[in-house]
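**Student:** Dumping the structure here so I can ask a few things about it.
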Amino acid sequence: MATGLPAGVTVETPGRSGQAGVPVRQGETFYLETFGCQMNDHDSEKVAGVLLARGYRQVENPEAAKVILYNTCSIREKAAQKVFSRLGELRPVGDAERRWMEERELGLRKADLEIGAPGEEESEQRAGRVKTRRLQSTGKIIGVLGCVAQQEGEGIFERAPWVSLVCGSASYRKLPQLIAELEAGNRRVTGLDTDTDETFETEITRRDNPFRAYLTIIEGCDKACSYCVVPFTRGPERSRASGSILQEVRQLADAGYSEVQLLGQTVNSYADPSVTNMRFSELLTAVAEVPGIRRVRFTTSHPRDFGKDIVEAIDAHPTICDHVHLPVQSGATAVLRAMTRTYSREEYLEKIALMKAAKRPISITTDIIVGFPGETEKDFEETLSLLDEVQYDSVFAFKYSPRPNTPSLKMPDAIPEDEKGRRLAILMDRQREIQRLQNEKLVGETFEVLVDGKSRRENQWSGHTSSNRIMNFTSPEQELLGDYVQVKVTSALPNSLVGEMVGR
Ligand code: 5AD
Ligand code: SF4
Numbered sequence: 006m007a008t009g010l011p012a013g014v015t016v017e018t019p020g021r022s023g024q025a026g027v028p029v030r031q032g033e034t035f036y037l038e039t040f041g042c043q044m045n046d047h048d049s050e051k052v053a054g055v056l057l058a059r060g061y062r063q064v065e066n067p068e069a070a071k072v073i074l075y076n077t078c079s080i081r082e083k084a085a086q087k088v089f090s091r092l093g094e095l096r097p098v099g100d101a102e103r104r105w106m107e108e109r110e111l112g113l114r115k116a117d118l119e120i121g122a123p124g125e126e127e128s129e130q131r132a133g134r135v136k137t138r139r140l141q142s143t144g145k146i147i148g149v150l151g152c153v154a155q156q157e158g159e160g161i162f163e164r165a166p167w168v169s170l171v172c173g174s175a176s177y178r179k180l181p182q183l184i185a186e187l188e189a190g191n192r193r194v195t196g197l198d199t200d201t202d203e204t205f206e207t208e209i210t211r212r213d214n215p216f217r218a219y220l221t222i223i224e225g226c227d228k229a230c231s232y233c234v235v236p237f238t239r240g241p242e243r244s245r246a247s248g249s250i251l252q253e254v255r256q257l258a259d260a261g262y263s264e265v266q267l268l269g270q271t272v273n274s275y276a277d278p279s280v281t282n283m284r285f286s287e288l289l290t291a292v293a294e295v296p297g298i299r300r301v302r303f304t305t306s307h308p309r310d311f312g313k314d315i316v317e318a319i320d321a322h323p324t325i326c327d328h329v330h331l332p333v334q335s336g337a338t339a340v341l342r343a344m345t346r347t348y349s350r351e352e353y354l355e356k357i358a359l360m361k362a363a364k365r366p367i368s369i370t371t372d373i374i375v376g377f378p379g380e381t382e383k384d385f386e387e388t389l390s391l392l393d394e395v396q397y398d399s400v401f402a403f404k405y406s407p408r409p410n411t412p413s414l415k416m417p418d419a420i421p422e423d424e425k426g427r428r429l430a431i432l433m434d435r436q437r438e439i440q441r442l443q444n445e446k447l448v449g450e451t452f453e454v455l456v457d458g459k460s461r462r463e464n465q466w467s468g469h470t471s472s473n474r475i476m477n478f479t480s481p482e483q484e485l486l487g488d489y490v491q492v493k494v495t496s497a498l499p500n501s502l503v504g505e506m507v508g509r
């Protein structure tokens, strides 16, 4: 073999996925930790699938792994920081430091706790945690994947020189090749192109959720909201051919999955690149009609591309779940304009009206950012009044976090952190009350629930309704996991329903 690969590495005959010349590593171990959104969760399922197919074995802790991968999120600063603190824990321990740590463990040097990465501020409490977490990472391959990888690029090698692989989501097809290059002796490899028109399709996805199968139908984002890193970290929109999506859905149904969730940062901006040229609502319908599929979900929808045809598809096909996640971000048109959201409060409310006019109730959830630069008290109150008007079933609310490369980074009139915190708390209180009242109205109704959890307490089960509400319920049945059952609501909490099984 003239590949210059180390001993023990063999070259696989190209399979259908055509990774010619990429080595198989029988029994080599990897650890993969995922931060962030469902897109990342699903990307990790695909990464794991690709590595497992090459003979790797997944392990539950980094100590036991040869390859350590972090699939990262940079949507808000806190998420990105978490990754660097994880990487700090992997900094190789030098001889002098190892001696020092051993002494410290013997209680000889209690005063000096400075063991963090250079330049990193360490509190005493954190240093203590690092001591227990730090591991011997010499000889391991450490890789950073996902949004932080794309955003920081080779800068990660400077901040954490023990990292040898940096790869953004638009380059995951190259991952096996990149790992092979490291094993062949390269010190550092990167996959950072975003100008690919490919999506990360793989036949071998290791699915973590046995009840809900995720499927990416569109990658990247072209929307350019002024606060958001996604267009930089995930690149431009690329849709997957409808034929390939439907083929995967049929395979999932054959494998026993009855619920699929179509994923995309702006899932309803789907544009079929094949001659079939399906609209998003037509794709939804086609997926819903695959034999064996009982539930179709989709997230996240962008208000600009949300039309009546989607509501009509939901109405016509009970298999399409009665839940739409439609991020609004703010209730004030002035803020929406500064965010470049491409709609006004009134235009957003027109989309809500489409859903409220549907034949069956549609559960609506949203994302909101508080404290965007220039957001006045009056703007914030408009967001609160939007909550009252829409009556969301759930809200994910965030303090605005300034992000690198984004246009809003340079906007004037930043809102102080404590004021953002105040607004967030007010908003969450208001929404909690709305949800409590909304959920109380459901007491006495019966819903179909896909059972996906069993409590340690006897006869206690949990699952999700089509509207994606969590239902905790009682049933004396012995085995229900994966079943669809009828549950009558007996009481309600702001974030979940409580009920009893009344039939199948
Ligand atoms: N600051 C705070 N929240 C953000 N989001 C995206 N970018 C930022 C940011 N810079 C939120 C939006 C988006 C959700 C996934 O994350 O609400 O819909
Ligand atoms: Fe970010 Fe806006 Fe794209 Fe959503 S639509 S991923 S918020 S740029």
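6 is the number of the first residue of the sequence shown in the numbering used here; add one for each residue after it.
Idealized CB from N, CA, C, for every residue including glycine.
Here the structure is a predicted model, which is why all the values come from computation and not from measurement.
#1: Please state the DSSP three-state secondary structure of E482.
#2: Quick check: the Cα distance between S79 and G468, rounded to an integer number of angstroms?
#3: Nearest to C230 by alpha carbon, out of R255, A175, Y348?
#4: Verify the contact flag: Q334, CB atom, against every heavy atom of ligand 1, threshold strictly below 7 Å.
#5: Could you round the C-beta distance between G487 and F216 to whole angstroms and report it? I think they count as a contact, below 8 Å.
#6: Within 10 angstroms of the Cβ of V490, are there 16 or more other Cβ atoms? Answer buried if so, exposed if not.
#7: What residues are listed by DSSP as bridge partners for H328?
#8: Three or more beta-carbon pairs under 8 Å between the segment 436-454 and the segment 248-260, yes or no?
#9: For ligand 1, any of its heavy atoms closer than 7 Å to the Cβ of R428?
#10: Does DSSP put F285 in a helix, a strand or coil?
#11: Take D167 as the anchor and find which of I147, E505, K313, C233 has the nearest alpha-carbon.
#12: For D202, which residues in the same chain have their Cβ closer than 7 Å to its Cβ, ignoring the five residues on either side in sequence?
#13: What residue range is occupied by the uninterrupted alpha helix (DSSP H) comprising C78?
#14: Between which two residues does the alpha helix (DSSP H) carrying E352 extend?
#15: May I ask you to check if the CB of S231 is nearer than 7 Å to at least one heavy atom of ligand 1?
#16: Is there contact here, the segment 191-202 with the segment 258-272, by at least three beta-carbon pairs under 8 Å?
#17: Less than 8 Å between the beta carbons of M416 and P366, yes or no?
#18: For the beta strand (DSSP E) that C226 lies in, which residues bound it at each end?
#19: Measure the alpha-carbon distance for S496 versus V448 and round it to whole angstroms.
#20: Check whether the Cβ of D398 lies closer than 8 Å to any Cβ atom in chain B.
#21: Considering only the beta carbon of each residue, do Y405 and I420 sit closer than 8 Å?
#22: Are the CB atoms of V375 and E339 within a distance shorter than 8 Å?
#23: I'd like the span of the alpha helix (DSSP H) that includes E317, first residue to last.
#24: Rounded to whole angstroms, what's the CA-CA distance from K356 to A85? Just pull it up for me.
#25: Tell me which residues share the same chain as T238 and place their Cβ nearer than 7 Å to its Cβ, disregarding the 5 neighbours each side in the sequence.
#26: Looking at ligand 2, does it come within less than 7 Å of C226, judged from the CB to the closest heavy atom?
#27: Measuring alpha carbon to alpha carbon, tell me which residue in T271, L288, V272, N273 is nearest S279.
#28: With DSSP collapsed to three states, give me the class of R131.
#29: Using alpha carbons as the reference points, say which of K51, G458, S471 lies closest to Q483.
#30: Only counting the same chain, and skipping five residues up and downstream in sequence, which positions put a Cβ closer than 6 Å to that of S335?
#31: Out of S286, S460, V456, Q43, which one is the CA nearest neighbour of V492?
#32: Spatial neighbours of E224 within its chain, please: C-beta separation below 6 Å, excluding the five flanking residues on both sides.
#33: Assuming M360 contacts V400 (C-beta within less than 8 Å), just tell me the rounded distance between them.
#34: Could you spell out the range, first to last residue, of the alpha helix (DSSP H) harbouring F162?
#35: Starting from T34, follow its DSSP beta bridges and name the residues at the other end.
#36: Pull up the distance between the alpha-carbon of A132 and that of I325, whole angstroms please.
**Tutor:** Checking against the coordinates, here is how it stands:
#1: coil
#2: 30 Å
#3: Y348
#4: yes
#5: 6 Å
#6: buried
#7: S368
#8: no
#9: no
#10: helix
#11: Here residue 167 is Trp; the residue named in the question, Asp, does not match the sequence. The option with the nearest alpha carbon to W167 is I147.
#12: R243
#13: That residue, C78, is in no alpha helix (DSSP H); it is neither H nor E in DSSP.
#14: 350-361
#15: no
#16: no
#17: no
#18: Here C226 belongs to no beta strand (DSSP E), and DSSP marks it neither H nor E.
#19: 6 Å
#20: Absent here is chain B; the protein component of the structure consists of one chain.
#21: yes
#22: Note on identity: in this sequence residue 339 is Ala, with Glu being the wrong assignment. Against a cut-off of 8 Å, the Cβ pair of V375 and A339 comes out as no contact.
#23: 313-321
#24: 33 Å
#25: S79, C152, Q155, Q156, G173
#26: yes
#27: L288
#28: For R131, the predicted model reports a pLDDT of 37, less than 50, meaning its position is unreliable and no value from the coordinates is stated.
#29: G458
#30: L341, T388
#31: V456
#32: T204, R243
#33: Not quite, the Cβ-Cβ distance comes to about 16 Å (not below 8 Å), so this is no contact.
#34: 160-164
#35: R62
#36: Caution is warranted here: a pLDDT of 37 is assigned to A132, below 50, making its placement in the model unreliable, and the coordinate value is therefore given only provisionally. Using only the alpha carbons, I get a separation of about 50 Å.
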